[in-house]
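Data block below; observations after.
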Amino acid sequence: MKTLDYLHLNENKVADVVSALHRLLADFQVHYTNLRGFHWDIKGHGFFVLHGKFEDMYNDAAEKVDEIAERILMLGGTPENKFSEYLKVAKVKEISGITCGGEAVDHILETYGYLIGEERKVIELANEAGDDATADLMTGYLKEQEKMVWMLVAFSTKSCAK
């Protein structure tokens, strides 16, 4: 018997979920690498705050990479593990050489905006397939990321309204 038989999920119905998770895995791998670069390269105003925050963020992204890969395995797929393959499907683009905190935060906000949209698509596909666990995983990501977006927007606000 296959794992999906025990999970009471149909392989044909979860195929689209697995495909979407493969793309999300690739995007998270590139996002993780970008965050590492921001952590290493950041200079100037905000260094002490952002250096630590970027480390927290890349550790979180690494955890999500593992969770997504394991979910792909649970659903009968095989996660990719070559960066060259990630770059073929990822919509998140590699970025390097950013030393300005504001520029790094802007890039991270753009990436979160994209990832949040993709995670919502995975939730829809998972719901259609009766895959509550994947939908729940993505909902947890949304909860964390929406709060992080709010905090990053508050951090990056140039002027304070009275």
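So for the sequence shown, the UniProt record's numbering puts the first residue at 1; every next one is plus one. Each residue gets a CB set at the ideal place from its N, CA and C atoms; glycine is no exception. Keep in mind it's a predicted model, so treat the numbers as computed, not measured.
Bounding residues of the alpha helix (DSSP H) (the contiguous stretch that carries residue i)
| i | result |
| --- | --- |
| LEU9 | Unbroken run through LEU9: none, as it is neither H nor E. |
| GLU85 | 83-89 |
| LEU75 | Per DSSP, LEU75 belongs to no alpha helix (DSSP H) and is neither H nor E. |
| ASP131 | Looking at the DSSP string, ASP131 is not in any alpha helix (DSSP H), and its letter there is neither H nor E. |
One or two residues paired with residue i in a DSSP bridge
| i | result |
| --- | --- |
| LYS43 | CYS100 |
For residue j and residue i, believed in contact at Cβ under 8 angstroms, the rounded distance
| i | j | result |
| --- | --- | --- |
| LEU109 | VAL18 | The Cβ separation is near 29 angstroms, so there is no contact. |
| GLU80 | HIS22 | 7 angstroms |
| ASP27 | LEU115 | 6 angstroms |
| THR111 | ARG71 | Incorrect: roughly 20 angstroms between the Cβ atoms, too far for contact. |
| THR99 | LYS53 | Actually they do not touch by this definition, with Cβ atoms about 16 angstroms apart. |
| TYR6 | ARG36 | 37 angstroms between Cβ atoms; not a contact. |
| ALA20 | LEU87 | Actually they are not in contact, since the Cβ atoms of ALA20 and LEU87 sit about 18 angstroms apart, beyond 8 angstroms. |
Per-residue burial, residue i [other beta carbons within 10 Å of its own, 16 or more giving buried]
| i | result |
| --- | --- |
| ASN34 | buried |
| VAL14 | buried |
| ASP56 | exposed |
| HIS8 | exposed |
| LEU73 | exposed |
| GLU119 | buried |
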